[in-house]
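Undergrad: Residues in the sequence shown are numbered from 1074 upward in steps of one, following the numbering used here.
Glycine included, C-beta positions come from ideal geometry on N, C-alpha and C.
If you're wondering where the values come from, they're calculated on a predicted model, not measured in any experiment.
Before anything else, here's the structure in question.
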Amino acid sequence: MSTRRLLSLAVLCSLSLAVLVVTQAAWAQEVTAGVVGTVTDQSGAPIKGATVIATDTERGTVYTATTNDSGSYNLTRLPVGSYSVKVTAPGFQTAIHPPFSLVLNQTARVDVGMKVGQVTETVEVSGAAPVLQTETTQVSTVIDSVTNDLLPLATRNYVELTLHTASGARPYINGNREQANNFILDGMDNNQVSDNLLGYTPAPDAIQEFNLITSNASAEFGNFQGGIVSTTIKSGTNAFHGDLFEYFRNDKLNSNQWENGFKGVNSGGAPLPRPTLRWNMFGGTIGGPIIKNKLFFFADYQGQRFDHPSSAQSLTVFTAAERAGDFGAICASGFSGGICNDRTVASTAPKGTTCLPGAAGPNCLVANQLYDPFPGMSNAPYANNVITEPIDPVAQALFNSPLYPKATGAGLQDNASYTQTQLFDNNQYDVKIDFNATTKDHLSGRYSHAKQHNPTINSFALIGTGFSDAPIDNTVVDWSHTFSTTLLNDLRFGFNHVKLHNGTEFSKSLGNLGDQLGIGNGNPSGVPGLLSIGFNGILSGIGSSGVQQKFQDAVIQASDTVIVTHNRHVFHTGFEFWRDRVNTFYTGNNGALGSINFTGSFTNCNPSGGKVPPASCSAPASAGGGYGGADFYLGLPTNYGRGISGGEWGQRASVVGAYLQDDWRATNNLTVNLGVRYEAHTPWVEIHDRQVNFDLATGEVLAPNCSKVNLGTAPTTCRQGSRGLYNGTYGGRDFQPRVGLAWTP
């Protein structure tokens, strides 16, 4: 070999070790497999014009190619499955390679040596199945349906399969977080576009194959720093097949948690019981022919019921004495002269200072004492913490309401209880049709749907019911047309739709409870229930702010791929288009109902001011005192807030991508993988210009229309310009090259 050739090979090897995988949004298309090879005679000379037929042994589908001048053939876009290969050529015996498994994204090499003879004579080609990936530098792990069924998946989430692959964990692949992975289902995007998490989760029994690509992906792949999780749903075959399953997890089958043994026993002296667990996963699959060798179907269903039996929850409510204005019980050490004997160490006291009940001096301050906040009282202490002013009408209305429970237990804390039930219901299904319209046209379509329902039901009506509903739709339509043995086109459309609605709601039977209790504008726009009322200290809050989020994430996709075989080259080229849509409604952190908080700031002693109205407190020196329940009794909230109606927006963005991949068999032993990808990303925009951006460099607000922006006090300037919510990071320079070498020994 010449020095120049050695140098060229060294450069190619160096480039292959520095494969560049650019990680911006670019969704992959390749979810099939292929068979390549060389047909030679007994002397090793290539045979031109030999007919190569690959037959899907499960569906009877036939794929045909013809060898070129170098004796090479290439069969692409083959569905995963079991294949046999037959080769015929004039003057040679027919050669048949026995069936072998073709897995997801594999390019299997099947070289065939022909013997002189009659075409009617048949010889079976001996040799092992082509299990090694010798045509590309792609590094991946494939898990088929059989292995998938045998592997234990604790939650029946197929993403756990990444834990069984090299470089995978949780699924943190190659040290990256899961948001850096790209999830693909039947060749189309399966991500929540807003945060790049998994969209639809198919049932493990519905999965034909799972392929985790960790490095050196071809130009058809992108949108990953960690890995590409490519999955295909099963298809029907000429034989009916299916299964029924039930997986369950139950505490009766579990050992106790070590924490319970560490904590010892409960108040009755019995060992702490093992946590309750009731988790059932059930369903089935069915697939088969509608028209043999022509039309096939597959369908599956999976349900999950993860129910937590009702459990008692403690609650701290106002005692009968507190409802009458007597808060003496918050003082644990009793009173002397009407002043609480509880003490706390002053922040200025020497280290190690301790304070006994009733202690005097600047280092020991009075604690848990209530003070009169009203004008003219100079923050005088309430004797024995008994409030002398009349109760606030809202507090009186709440105490009179049958919805607010009375204390049933002794003491101040955990003196009431209610029951809580948590449910998790999930139902999902897939329906897939495969149609061999002609020997040159193969069509398939799949629709998947899942709906999760996760309520938290409370018997205490005044804290509402938590809910989370998540319907998901995912669909793919694919048409593959073979123009000739060297030209194939694949057209694909996809739609991925993820919805989420969660928050807290009240029974409509409560009506406008906030208004009924006397809270001004307590139920805006007729939203039923009670706004959140919070207390500092041990009292349990009631009501709910009514925070809700409605989220819709949709990706509309289209792609077209052309595969051309020319001599020793296999070219993949194509374009892709995505329209990303995110519609969100959010009530704000204070919710649609709002919140009122009572922190005890009014019934405390605050000699430095800060009260309304300002005042100084009487002797003895106090640590502050105050009690949220006392402030509520007097109708003196510290703060209140409510969400605004502007928490709704619709964001849109588009991506257009194109790529070219050349897999060049430079020699019988060396394949060079060369590829480049280019993408154009439009910045996200809000469809009604209800969102703006902020320029960190200039301190300006960036807005489509500055006349609609309320700048406030700072920043003080607005720059009117593009509707884009950010400037594109890559601009017109988003080129993504791929270089690799694959050596066949």
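Is the beta carbon of residue 1749 closer than 8 Å to that of residue 1732?
TA: Against a cut-off of 8 Å, the Cβ pair of residue 1749 and residue 1732 comes out as a contact.
Undergrad: Would you identify the three-state DSSP class for residue 1293, choosing helix, strand or coil?
TA: In the structure shown, residue 1293 sits in coil (DSSP, three-state: anything other than H, G, I, E or B).
Undergrad: Let me know if residue 1770 comes out buried or exposed under the rule of 16 or more other beta-carbons within 10 Å of its beta-carbon.
TA: Its Cβ having fewer than 16 others within 10 Å, residue 1770 is exposed.
Undergrad: Figure out for me which residue from 1546, 1547, 1562, 1114 has the closest Cα to the Cα of residue 1553.
TA: The option with the nearest alpha carbon to residue 1553 is 1562.
Undergrad: Name the residue from 1305, 1780, 1713 whose alpha carbon lies nearest to the alpha carbon of residue 1669.
TA: Comparing Cα positions, the closest option is 1713.
Undergrad: Please state the DSSP three-state secondary structure of residue 1298.
TA: Residue 1298: coil per DSSP, three-state reduction.
Undergrad: Mapping the DSSP letters down to three states, classify residue 1351 as helix, strand or coil.
TA: Residue 1351 falls in the strand class under three-state DSSP.
Undergrad: Who are the Cβ neighbours of residue 1780 in its own chain at under 8 Å, not counting the five residues just before and after it?
TA: For residue 1780, where only same-chain residues beyond five positions count, there are no Cβ hits under 8 Å.
Undergrad: Applying the 10 Å Cβ sphere with the 16-neighbour rule, what's the burial state of residue 1176?
TA: With 16 or more other Cβ atoms within 10 Å, it is buried.
Undergrad: Please report the distance separating the alpha-carbon of residue 1128 from that of residue 1170.
TA: Straight-line Cα distance between these residues: approximately 11 Å.
Undergrad: I'd like to confirm the pairing. Which residues does DSSP put opposite residue 1565 in its beta bridges?
TA: In DSSP, residue 1565 forms a bridge with 1551, 1632.
Undergrad: By Cβ distance below 7 Å, which residues in the same chain neighbour residue 1608 in space, the five residues on each side in sequence not counted?
TA: Excluding residues within five positions, the ones whose Cβ falls inside 7 Å are 1614, 1671, 1701, 1702, 1705.
Undergrad: Taking Cβ positions only, does residue 1637 come closer than 8 Å to chain C?
TA: Here chain C cannot be found, since the structure has a single protein chain.
Undergrad: Helix or strand or just coil, what does DSSP make of residue 1783?
TA: Correct three-state label for residue 1783: coil.
Undergrad: State the Cα-Cα distance for the pair residue 1818 and residue 1184, rounded to the nearest angstrom.
TA: Spanning the two alpha carbons is a distance of roughly 13 Å.
Undergrad: What does residue 1759 pair with, by DSSP beta-bridge criteria?
TA: Beta-bridge pairing links residue 1759 to 1724.
Undergrad: Is the region 1436 to 1453 close to the region 1481 to 1496, with three or more CB pairs under 8 Å?
TA: Contact fails: fewer than three Cβ-Cβ distances are below 8 Å.
Undergrad: Could you check what DSSP says for residue 1650 in three-state terms: helix, strand or coil?
TA: Of the three classes helix, strand and coil, the one that applies to residue 1650 here is strand, per DSSP.
Undergrad: Taking Cβ positions, are residue 1273 and residue 1258 nearer each other than 8 Å?
TA: Result yes, Cβ atoms of residue 1273 and residue 1258 sit closer than 8 Å.
Undergrad: For residue 1283, count neighbouring C-beta atoms within 10 Å of its own C-beta (all shown protein chains included) and say buried if the count is 16 or more, exposed if not.
TA: With 16 or more Cβ atoms within 10 Å of its Cβ, residue 1283 is classed as buried.
Undergrad: Grab the span of the beta strand (DSSP E) containing residue 1376 for me, first residue to last.
TA: Residues 1368 to 1379.
Undergrad: Going by Cα to Cα distance, which pick from 1188, 1143, 1291 is closest to residue 1809?
TA: Taking only the C-alpha atoms, the option nearest residue 1809 is 1291.
Undergrad: The alpha helix (DSSP H) that contains residue 1396, what's its start and end?
TA: Per DSSP, residue 1396 belongs to the alpha helix (DSSP H) from 1393 to 1396.
Undergrad: Where does residue 1191 fall in DSSP's three states?
TA: Reduced to three states, the DSSP call for residue 1191 is coil.
Undergrad: Excluding the five sequence neighbours on either side, which residues of its own chain have a C-beta within less than 7 Å of the C-beta of residue 1138, listed in chain order?
TA: Hits under 7 Å: 1125, 1146, 1147, 1148, 1558.
Undergrad: Looking at C-alpha atoms only, which residue of 1359, 1504, 1542 is the closest neighbour of residue 1550?
TA: Nearest C-alpha to residue 1550: 1504.
Undergrad: Along the chain, where does the beta strand (DSSP E) containing residue 1046 start, and where does it finish?
TA: Nothing about residue 1046 can be reported from this structure: the residues present for the chain run from 1074 to 1818 only.
Undergrad: Of the residues 1418, 1161, 1547, which one's Cα is nearest the Cα of residue 1264?
TA: Of the candidates 1418, 1161, 1547, the one whose C-alpha sits nearest the C-alpha of residue 1264 is 1547.
Undergrad: Output needed for residue 1487: all residues of its chain with C-beta closer than 8 Å, excluding positions within five of it in sequence on either side, in chain order.
TA: If we look at residue 1487 and ignore the five residues flanking it on each side, its Cβ neighbours are 1387, 1388, 1389.
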